Each structure stands twice: as C-alpha cells, then as structure tokens.
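Every letter in the sequence shown is one number past the one before it in my numbering, and letter 188, counting from 1, is 421.
One structure is given below, encoded as structure tokens.
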Amino acid sequence: MSLSSRNSKDQIFSGLHFLNACFSSLCVALIFIFLLKESLSFLRIVELEQLFSRSWFPLENQFNMLPMFIGSLFLGLFSLLLAIPIALFTAVYHVFYCPSYFKAIFRALIELYTGIPSVIFGFWGLMNLVPLVAKIKAPGFSLLSGVLVLALMIFPIISLSLIESIESKKANWQKVASSLAISKETYFWKVLIPNLKADFASSSLLALGRAIGETMAVLMVCGNIVQIPSSLFEPLRALTANIALEMAYAESLHRSSLFFSGFLLFLLVGLLFFLSHKVVDYADKD
234 MSLSSRNSKD
244 QIFSGLHFLN
254 ACFSSLCVAL
264 IFIFLLKESL
274 SFLRIVELEQ
284 LFSRSWFPLE
294 NQFNMLPMFI
304 GSLFLGLFSL
314 LLAIPIALFT
324 AVYHVFYCPS
334 YFKAIFRALI
344 ELYTGIPSVI
354 FGFWGLMNLV
364 PLVAKIKAPG
374 FSLLSGVLVL
384 ALMIFPIISL
394 SLIESIESKK
404 ANWQKVASSL
414 AISKETYFWK
424 VLIPNLKADF
434 ASSSLLALGR
444 AIGETMAVLM
454 VCGNIVQIPS
464 SLFEPLRALT
474 ANIALEMAYA
484 ESLHRSSLFF
494 SGFLLFLLVG
504 LLFFLSHKVV
514 DYADKD
C-alpha cells in the first residue's frame, strides 16, 4: 500500500470520527434544548417556594420535588457503596485468580450481564427480593430493595473498567512487588488499591449516573411513595419513576413540571460524566 493511499484512508477515518462526534454532540444539544423548552412554562409560572411546598400534588400547584430528588440520590449513592466492593473483588478474581481456561468465559458473562434489560432486574426484585425484605420489615417495597437491585445492575460497569486498568498495569506492578518480595496481601492493599484510585473514581461516577437514571427497576421495587425515607425499609419515589408514572396523563403545568424534573436529571447525570472525564485527565497528568 502506497503512502498516499494510506494517508487518504486515515483522512477518511478521521473525517468519519469527526462526523460521528458532531452528530453525537448535536443529539445531546437537541435533547438539552427540548427539555429546557418543555420546562419553560413551569419555570415561568411556578415560584421557588412551590418547589418546597408540603408535598407533590401538581393539580393543587404543589410541586415539591425535593423528596424525589433526595430519593434518587439515596438510591444512587447507597447502591454505589454496595457495588464498589463487589466490583473490586470481581475484577481481582478475574485478573489474579480465575483459571486461564475460564477467564474469557467469565469476562464474557460479565459483559453479557451488563446487557440484561433493567425490567428483568426489576421483575426479579419484585418477585424475589421484595418478599424477602418484607419478612424483615413490611412492606418490602423500600429503599433497601431498590439499592440491592441497582447494586447488582451497576457493579459490572465498575468491574469491567477495573479489569482493563489492572491488566494494562499488572506486569509493571508485579515486577515491583517481586523485587520487593512483598506478600500478595501487601501487594493488594499497598500497591494495587492506591494505583486504582482514579479508575475507581471515574468508573464509580459513571455507575452512579447509571443508577440515578434508572427507571423501570426502581419503579417496580421501591413503593413509589413521595417522601424522604428515614430508614432503609421505607418506600420512596425516584424522579425517574415519577416521570414514568405520571407522564401518560399529565397536562399543561403538570406535564411541564415532569419535563423540568427530567431536565434536572439531565444536568445531574451530565455533571457526573463531566467529573468522570476530569478525574481521568487528572490521573493522566500525574
């Protein structure tokens, strides 16, 4: 292949990547504009104190979204705290302990796991997890049920990122560990974990965005009562579930308020993705 032919192919691929980036950016911008446009009537009419009214009764002009916003954050943060250790031990097992003949299959299973529809997780949680939680404390539809389901959904996102990171750096780390004659436990806690901080942070932020944006599974297992839960066994309603439940019959200001809650979620998830990229950039500089 001649040099000019290779350069022309590189230019074509570069142009295609540029067009793809432009198209993706345009889609995100259009979604932002659409959500903002549909939220304007709500923003023009509703005063700030109405966002902190007694509860969520849109037909009575009470638009207290705070319990649902806090509920979404609780679900995301608690599920992340549970998912991180599961993801870490899954990644460590895959890289260091998994038999070579099973390693490719194990990774394929993790990747397949990430593609399971959320409604399947929700249905499993509804039929199995909710009754189990109800045996501890009724009604079973609760923050705890949502956290457990979401943790199972998001841990593969973190695991796959950590597997990539560990495998790319494992050879250098093991040389250092061998030269210092340190034990496997010391290697794990003193070498491996400190060098995964940036990867942990980046993948965890992405997983948090996935958890906060989840709809069907949360709708099916959390009880959908608008309140700030005071314990893990109390029901709650997430912003995403509220949109799914009420959009079909919402009109005028009620409808616009649902678009505004979607706009808030868009900004929150966008912020998490931005922070994840900043963490990676900071780690690369170090």
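Glycine included, C-beta positions come from ideal geometry on N, C-alpha and C.
These numbers come from a predicted model, not from an experiment.
Next item on the list: Could you pull the start and end residues of the alpha helix (DSSP H) that Asn475 belongs to?
Entry: Counted as a single uninterrupted DSSP element, the alpha helix (DSSP H) harbouring Asn475 occupies residues 472-479.
Next item on the list: Entirely within the region 366-443 and at least 4 residues each: give me those alpha helix (DSSP H) ranges in chain order.
Entry: Entirely contained in the region 366-443, the alpha helix (DSSP H) runs reaching 4 residues are, in chain order, 376-413.
Check: Can the beta-carbon of Gly456 be found closer than 9 Å to that of Ser375?
Finding: A contact, by the Cβ cut-off of 9 Å.
Margin query: Check whether the region 468-480 and the region 380-391 touch, using three or more Cβ-Cβ pairs below 8 Å as the test.
Written below: no
Check: Would DSSP call Phe290 helix, strand or coil?
Finding: strand
Note to self: With H, G and I counted as helix, E and B as strand and the rest as coil, what does DSSP make of Leu321?
What the structure shows: helix
Next item on the list: With distances taken Cα to Cα, identify the nearest neighbour of Glu293 among Phe329, Phe506, Ser490, Phe496.
Entry: Ser490
Check: Hey, how far is the Cα of Lys408 from the Cα of Tyr420?
Finding: 11 Å
Checklist line | Beta-carbon proximity check, Ser509 vs Ser464, cutoff 9 Å | finding: Not a contact, by the Cβ cut-off of 9 Å.
Next item on the list: Just tell me which of Cys331, Trp357, Glu280 has its CA closest to the CA of Ile396.
Entry: Nearest of Cys331, Trp357, Glu280 to Ile396, Cα basis: Cys331.
Item checked: Helix, strand or coil at Phe296 [DSSP, three-state] -> strand
Check: Nearest-angstrom Cα distance between Cys255 and Phe302?
Finding: 32 Å
Item checked: Nearest-angstrom Cα separation, counted from Leu381 out to Ile461 -> 18 Å
Notebook entry, point to check: So what's Leu505 in DSSP terms, helix, strand or just coil?
Noted result: helix
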